[in-house]
Amino acid sequence: MTDNSVHRETVKSKTVFAILAGVVRPAMNILIGRTWKNFDRLPSGGFILCPNHLTEIDPLVVGHAVYSSGRLPRWLTKDSLFKVPVLGSALRATGQIPVSRKSSSAAQSLEAAKRVLEAGGVIVIYPEGTLTRDPDLWPMVGRTGAARLALQTGAPVVPMAHWGDQELFPRYAKKMYPFPRKHVTLSVGEQVQLDDLRVGARTRTVLQEATARIMASITELEAELRQETAPKTPWNPSEHGQATTGRDFDAPKQPND
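Using our numbering, the first residue of the sequence shown is number 21, and each one after it goes up by one.
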């Protein structure tokens, strides 16, 4: 990937990002303490950032950190959010990428993501595809979208793990729990090694292997943050009779909900 990017941002996108950051960053600083580790590992050019997915406010936490490091993050975002008044306008103005679960639309989304990467931008993809279904919030099995984009473009894949924001806003909770003030730690990992998979056909086996490596890197980072031993086998919703999308699964109840 070439490093020509950061200068290709439009005045409009920079302005809207700055306005949103002016609202979000002070709010996040009030709600949470933070520790950001190893952000010097972020490449200067285009790359794919793959964080774990704990709670609905993850994008605010990750976006706060990436923006504060001097980069403008773009997400592959559910197309339904672009229909929400005000929010949809903000998503379009900042160049976020709509994605639906229809295969044709998904292909268009990957093409848009490729253009961002070619311009040296940052694409954030949650490789799990949704909030983790693991009862203990470990990263679960991933989907192949991030791996497919990485192998198509040659862009580096950078794993990230974060821990603590689920205490502020638990998974699928109805409200925040701001007291006592929570602390969030984010850690950036070394680039996932995929060079040996970039040659030859992108078969399902190759995509699954690349995805497994990405998820293993994320899980290793999270284990370091939690100072715990991760499960040997990642949680697979289909093996537990759980839906892979939406809220229709047996999530534990949160206190006072």
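Heads up, the beta-carbon is just placed ideally off N, CA and C, and yes, glycines get one too.
Computed from a predicted structure; not experimentally measured.
CA-CA distance, S64 to G140, rounds to 8 Å. Taking L214 as reference, the option from V204, L206, T253 and R233 with the minimal CA-CA separation is R233.
Residues V226 of the same chain have their beta carbon placed closer than 8 Å to that of G220, with the five preceding and five following residues left out of the count. Its Cα nearest to that of K32, the residue A113 stands out among W56, A113, L101 and A127. In terms of Cα proximity to F102, the closest of P93, G115 and G90 is G115. Put simply, the backbone Cα of L62 is about 24 Å away from that of P118. If the five residues before and after T223 are omitted, its C-beta is found closer than 6 Å to no C-beta atom of its own chain.
Residue environment for G83: buried (at least 16 other C-beta atoms within 10 angstroms of its C-beta).
DSSP, read as helix, strand or coil, puts R112 in helix.
Secondary structure note for G53: its beta strand (DSSP E) is the uninterrupted segment I52 to K57. Between N58 and S207, the gap from beta carbon to beta carbon is short of 8 Å. Short of 8 Å from the beta carbon of Q186, and not among the five residues preceding or following it, lie these beta carbons of its own chain, in chain order: L74, T75 and L157.
Leaving aside the five residues that flank P179 on each side, the residues in its chain whose CB is nearer than 7 Å to its CB run, in chain order, C70, G209, V212, I234, S237, I238 and L241. Per DSSP, reduced to three states, the secondary structure at R224 is helical. Within the segment 122-164, the complete alpha helix (DSSP H) segments of 4 residues or longer fall at 123-138, listed in chain order. Per DSSP, A85 lies in no beta strand (DSSP E) segment; the continuous alpha helix (DSSP H) that holds it begins and ends at D78 to S88. Per the coordinates, the alpha-carbon of E148 lies some 7 Å from the alpha-carbon of N72.
Listed in chain order, the non-local C-beta contacts of R163 below 8 Å within the same chain comprise P147, E148, G149 and T231, local neighbours out to five positions each way being set aside. According to the DSSP secondary-structure assignment, A181 is paired through a beta bridge with S207.
A straight-line Cα-Cα distance of about 10 Å links R153 and V161.
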